[in-house]
Amino acid sequence: MIQCGGLQKSTDALLAGGFESMSNIPHYLMSSRSGIALGNTQLIDGVIHDGLWDIYNNQHMGMCAEKCSKDYGISREEQDAYAIESYTRAQKAIKSGIFADEIEKVEVPQRRGTPIVIDTDEEPSSAKLEKFSSLRPAFTKDNGTVTAANSSSLNDGAAAMVLMSEESALELGLQPLARVLGYGDAAQDPIDFTTSPSLAVPIAARNAGIEVSDIDYHEINEAFSVVALANMKIMDLDADKVNIFGGAVALGHPIGMSGARIIGNLYNVLKRSDASIGCASICNGGGGASAIVIERIS
89 MIQCGGLQKS
99 TDALLAGGFE
109 SMSNIPHYLM
119 SSRSGIALGN
129 TQLIDGVIHD
139 GLWDIYNNQH
149 MGMCAEKCSK
159 DYGISREEQD
169 AYAIESYTRA
179 QKAIKSGIFA
189 DEIEKVEVPQ
199 RRGTPIVIDT
209 DEEPSSAKLE
219 KFSSLRPAFT
229 KDNGTVTAAN
239 SSSLNDGAAA
249 MVLMSEESAL
259 ELGLQPLARV
269 LGYGDAAQDP
279 IDFTTSPSLA
289 VPIAARNAGI
299 EVSDIDYHEI
309 NEAFSVVALA
319 NMKIMDLDAD
329 KVNIFGGAVA
339 LGHPIGMSGA
349 RIIGNLYNVL
359 KRSDASIGCA
369 SICNGGGGAS
379 AIVIERIS
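My numbering numbers the first residue of the sequence shown as 89 and each following residue consecutively.
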């Protein structure tokens, strides 16, 4: 997250964003370079190895989510209900055309005939909400609360945005959508990365010269349902002001894309709600989190 006002004078505009194709991440054959002896060997899932593994505690990040649920007394039922609400909000937003301003259609060439046009997020419509409660825990067999359904799904995606100094925007006759008021980073024990947004948001608010209570809407990246629930609980946030068009549980969490996506979505929320100030926050698997406060320019 970059504030153009803090850049060197030689830099007036930046294209910031990221992409991830989780469906194309391969499995690794770690022993292939040095040679495989007689017998079987193991394939390593690249998604887990490079994206979803807590290297500090040598466990899947889902185990950190399980710890979070215990630490803050968040039940399986609460997580399932939150996940269903995330999907419901996303489905409603798609039906209402709310994401149309955010999505650039992609044409997929076919061997024969016209290309297939993808202009709608496919994940939210694929869920069978009535089956969420029947799924087995994904990480802890006994009394586990985190499931595939109440966690973010694996997806492909890309997002980008232009950040520009006010002087350059005015010089080029451009109308900015929003201004960056402040941003902040925070970190704690890697096993507790799930609640790090609750540390980063107050820092971002302080750097913006406002109180957390001054923020109209929040986007908190839903790595797991318990992440949003715990951070809302810690910061005493109104659930009706958080991820109002659904979050990563429903829309997916392509790791390299999510930071830019939630900022773009946050602007859309502010615009549709005729609100002014919003905060986007996202945790990372090293124990940290980043947050950014933006103000919509009418």
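Note that beta-carbon positions come from the ideal geometry of N, C-alpha and C, so glycine has one too.
What does DSSP give as the partner residues of residue i in its beta bridges?
i: C156; result: Partner(s): none; C156 has no beta bridge.
i: A247; result: G106
i: Y116; result: I132
i: G347; result: The partner list for G347 (beta bridge, DSSP) is empty, contrary to what the question assumes.
i: D57; result: Examination of residue 57 is not possible in this model, given that the chain is present from 89 through 386 alone.
i: V194; result: I206
i: S239; result: F312
i: V300; result: Beta-bridge pairing links V300 to no other residue.
i: V61; result: What the structure shows of the chain is the stretch from 89 to 386, and residue 61 is not part of that stretch, so it cannot be assessed.
For residue i, report the span of its beta strand (DSSP E) as first-last.
i: D273; result: A266 to A275
i: E108; result: A101 to S109
i: R384; result: G376 to R384
i: Y305; result: Y305 to I308
i: I204; result: I204 to I206
i: I370; result: I365 to C371
If residue i sits next to residue j, beta carbons under 8 Å apart, how far is it from one beta carbon to the other, in whole angstroms?
i: D168; j: A226; result: With 8 Å as the limit, D168 and A226 do not qualify as a contact, their Cβ atoms being about 13 Å apart.
i: S284; j: A293; result: Going by Cβ atoms, the distance from S284 to A293 rounds to 15 Å, so no, they are not a contact pair.
i: V381; j: C367; result: 5 Å
i: E108; j: D244; result: 7 Å
i: D207; j: I191; result: 6 Å
i: K329; j: H306; result: 6 Å
i: V337; j: V234; result: Not really, about 11 Å apart at Cβ, beyond 8 Å.
i: S346; j: N319; result: At roughly 15 Å, the Cβ-Cβ gap does not stay under 8 Å, so S346 and N319 are not in contact.
i: Y355; j: A266; result: 5 Å
i: I308; j: N331; result: 6 Å
From this set, the options, which residue's C-alpha is nearest residue i's C-alpha?
i: S119; options: E211, A246, Q130 and S111; result: Q130
i: H115; options: I136, S163 and G272; result: I136
i: A171; options: S241, D280 and S386; result: S241
i: C152; options: T282, N331, I332 and D302; result: T282
i: G161; options: R360, L317, V196 and D328; result: L317
i: W141; options: G123, P278 and D207; result: P278
i: E310; options: D100, E190, D207 and A377; result: A377
i: E211; options: G334, R164 and S361; result: G334
i: S163; options: G232, N145 and M110; result: G232
i: K301; options: T202, M323 and S361; result: Here residue 301 is Ser; the residue named in the question, Lys, does not match the sequence. Here the closest residue by C-alpha is M323.
i: G352; options: A379, Y144 and A247; result: A247
i: K155; options: G201, K193 and D280; result: D280
i: A327; options: S174, N145 and S346; result: S174
i: I343; options: L103, D304 and D138; result: D138
i: R360; options: M345, S346, L339 and S386; result: S386
i: G134; options: H148, G261 and S122; result: H148
i: S41; options: I350, H341, R267 and S111; result: Residue 41 falls outside the range modelled here, since the chain spans only 89 to 386, and no answer is possible.
i: D304; options: S122, V205 and R384; result: R384
i: G106; options: I350, G150 and G375; result: I350
i: T228; options: R200, G150, E259 and E166; result: G150
i: S222; options: I124, E165 and I143; result: E165
i: I291; options: D159, S184 and A379; result: A379
i: A388; options: L262, V289 and Q198; result: Because the chain spans 89 through 386 in this model, residue 388 falls outside it and cannot be assessed.
Starting from residue i, trace the alpha helix (DSSP H) both ways and give me its first and last residue.
i: L258; result: E254 to E259
i: A169; result: R164 to K183
i: L339; result: A336 to L339
i: V289; result: P285 to A296
Kindly confirm or deny that the segment 359-378 and the segment 208-221 touch, where touching means at least three C-beta pairs closer than 8 Å. no
For the segment 263-281 and the segment 294-307, state whether three or more C-beta atom pairs, one from each stretch, are separated by less than 8 Å. yes
Say whether the segment 251-258 touches the segment 177-187, bearing in mind that this needs 3 or more beta-carbon pairs closer than 8 Å, one atom from each stretch. no
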